[in-house]
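Data first, discussion second: the structure below is written as structure tokens.
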Amino acid sequence: MLLSACASLPTPEEIASAPSPLPGLPLALDGRAVFRDTFCALAHAQQPDLVAADPDCEQLLWRLPDEPAATGSHGPADAPSLAPAETLVDDSSRVFIVGGAFSDCFGSASQAYRDGAEVLRSAGADVVRIPVSGRSSAEYNAAIIARELQTAQLSPEDTVILLGYSKGTVDILQFLAETPAMADYIDAVISVAGPTLGSATADTGDWVYDVFIAHGFSGHCDPGDGGVIDALVTERRQAWWRENSPPAGIRFYSLLGIATEQHLARALRPSWRLLADQARLNDGQVTPQEGWVPGSTLLGFAHADHWSIAVPIEEELEFFAARPDPRPYPRSLLFQALVRYVVADLSGPDGAPDTRGKSGQ
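In the working numbering, the protein residues as written are 194 to 554.
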């Protein structure tokens with residue numbers, strides 16, 4: 194543990210020149226250039242001051258040396274046409290958000306993409322948060338996801354996107370494995386900082402849960418089955434992948450985070466040091482190697498820690514979530530960009546939905 198005790202957080206210059214955390218990623222699975230264009234176009238349209246001095250959004254999405262050249266197809270020149278939120282989705286798109294561990298423990302401050310979801314809802318989009326149990330196992334939450342989607346009365350004509358933040362990705366994968374008939378209705382899964390292959394922080398985390406979290410959260414949220422940490426243990430996650438294969442007809446996308454000193458929450462520093470033993474490029478909870486969904490399209494590396502990439506937890510945990518640079522990450526823009534990118538990617542060349550893989554049609 195000597196390395197983790199002494200390791201320093203990487204500087205922006207070190208990250209920008211670092212080798213890829215995912216070496217050998219096929220070009221066909223590298224969506225970073227187009228996603229950057231999509232994100233930047235929205236930023237220029239909705240928050241121009243945010244990117245006035247950073248037109249390519251390199252302070253918000255890391256540009257590593259192996260990122261493909263920008264396409265320009267969704268670049269700043271297109272910004273005026275992207276201003277209305279209603280242009281981001283079509284009437285057939287339905288987005289379901291599955292939050293992470295303890296997502297029901299701190300009110301709306303622990304809800305992934307709370308503000309971005311409201312932007313799209315106000316424009317008439319169908320964006321729903323699935324109320325999973327923040328302290329429960331993947332199996333427990335898979336049943337909740339199945340129940341909620343059954344209630345939603347999905348149609349084969351719908352474009353259905355599931356977005357999992359953190360452990361929400363693991364819950365979604367479990368749902369797909371346990372409920373193949375319902376999986377036929379799913380078009381895409383977006384994983385944001387999901388510990389898909391487990392997390393070293395969970396491997397040593399049972400005692401933290403038993404001693405601190407279970408008691409500290411006892412008055413904040415339902416205990417569920419208490420299996421939240423065990424669901425993320427590396428050995429268990431890798432065994433899951435040996436036994437399961439996600440449905441071939443669903444497209445998967447991964448967005449990951451890499452934190453710097455200025456943007457790492459106080460409470461995530463110990464876990465960042467733990468992960469530094471294997472990778473200094475991490476978000477304080479998950480490394481890119483742990484978080485990339487095998488076979489998924491890589492959308493990018495956000496300049497954010499594990500919390501700021503998706504939740505405004507600083508509203509409830511001001512001390513623990515404090516960062517040297519208090520400026521919040523533009524999560525609403527990020528969420529809108531994720532939805533826009535995936536909806537476009539799921540569409541055929543003529544703009545019509547691409548329904549490949551939906552056996553229900």
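From the three backbone atoms N, C-alpha and C, an ideal C-beta is built for every residue, glycine too.
Bridge partners - residue i, DSSP secondary structure assignment
i: valine 227; result: In DSSP, valine 227 forms no bridge with anything.
i: tyrosine 358; result: Val385
i: glycine 450; result: Ala495
i: isoleucine 290; result: Arg322 and Leu356
i: arginine 444; result: Ala381
i: leucine 254; result: Ala495
Euclidean distance between Cα positions of residue i and residue j
i: proline 517; j: glutamate 436; result: 43 Å
i: valine 321; j: glycine 224; result: 25 Å
i: valine 479; j: aspartate 423; result: 15 Å
i: arginine 429; j: valine 325; result: 20 Å
i: proline 212; j: leucine 474; result: 10 Å
i: valine 363; j: glutamine 455; result: 29 Å
i: alanine 495; j: proline 440; result: 27 Å
i: alanine 270; j: alanine 234; result: Confidence is the limiting factor: at alanine 270 the pLDDT is only 42, short of 50, which leaves the residue's position unreliable, though a coordinate-based value still follows. Each residue's Cα considered, the two are about 7 Å apart.
i: aspartate 476; j: histidine 499; result: 5 Å
i: glutamine 239; j: valine 532; result: 16 Å
i: arginine 340; j: threonine 372; result: 11 Å
i: alanine 393; j: tyrosine 378; result: 33 Å
i: alanine 221; j: phenylalanine 512; result: 42 Å
i: alanine 370; j: alanine 336; result: 11 Å
i: glutamate 207; j: threonine 344; result: 48 Å
i: threonine 389; j: valine 486; result: 6 Å
i: glutamate 169; j: aspartate 284; result: Any question about residue 169 goes unanswered here, given that the chain covers just 194 to 554.
i: glutamine 431; j: leucine 425; result: 10 Å
i: asparagine 334; j: glutamine 346; result: 19 Å
i: arginine 314; j: leucine 254; result: 25 Å
For residue i, the nearest candidate out of the options (CA to CA)
i: phenylalanine 445; options: Leu510, Trp465, Gln471 and Ala376; result: Ala376
i: proline 414; options: Cys233, Gly300, Ala211 and Phe289; result: A small correction: the amino acid at residue 414 is cysteine; proline does not occupy that position in the sequence shown. Residue Gly300 is the option with its Cα nearest to cysteine 414.
i: glycine 557; options: Pro212, Ala209 and Arg229; result: It is not possible to answer for residue 557, since the shown part of the chain is limited to 194 through 554.
i: glycine 361; options: Leu243, Asp351, Ala374 and Glu332; result: Glu332
i: glycine 488; options: Pro219, Ala200, Pro203 and Thr204; result: Pro219
i: glycine 384; options: Gln346, Ile338, Leu448 and Gly391; result: The amino acid at residue 384 is misidentified as glycine; the sequence shows serine. Nearest option by C-alpha distance: Leu448.
i: alanine 583; options: Arg520, Ala530 and Val504; result: No statement about residue 583 is possible, as the shown extent of the chain runs from 194 to 554 and does not include it.
i: arginine 256; options: Val244, Gly292, Ala263 and Ala209; result: Ala209
i: valine 227; options: Leu491, Gln431 and Pro519; result: Leu491
i: threonine 231; options: Gln431, Tyr534, Asp538 and Ser540; result: Tyr534
i: valine 312; options: Asp538, Phe528 and Val244; result: Phe528
Test item: CB-CB of residue i and residue j under 8 Å
i: isoleucine 290; j: aspartate 380; result: no
i: alanine 452; j: alanine 497; result: yes
i: serine 525; j: aspartate 247; result: no
i: phenylalanine 368; j: arginine 328; result: no
i: serine 286; j: threonine 352; result: yes
i: isoleucine 338; j: isoleucine 354; result: no
i: glycine 140; j: glycine 357; result: In the structure as shown, the chain starts at 194 and stops at 554, and residue 140 therefore has no counterpart that could be examined.
i: leucine 215; j: proline 463; result: no
i: isoleucine 506; j: tyrosine 522; result: no
i: glycine 391; j: glutamate 509; result: no
i: glycine 263; j: cysteine 250; result: Reading off the sequence shown, one finds alanine at residue 263, where the question assumed glycine. No, these two residues do not count as a Cβ contact at 8 Å.
i: tryptophan 434; j: leucine 202; result: no
Notebook entry, point to check: At what residue ranges does the region 466-537 contain a whole run of the alpha helix (DSSP H), taking only runs of 4 or more?
Noted result: With a minimum length of 4 residues, the continuous alpha helix (DSSP H) runs that stay inside the region 466-537 are 481-484.
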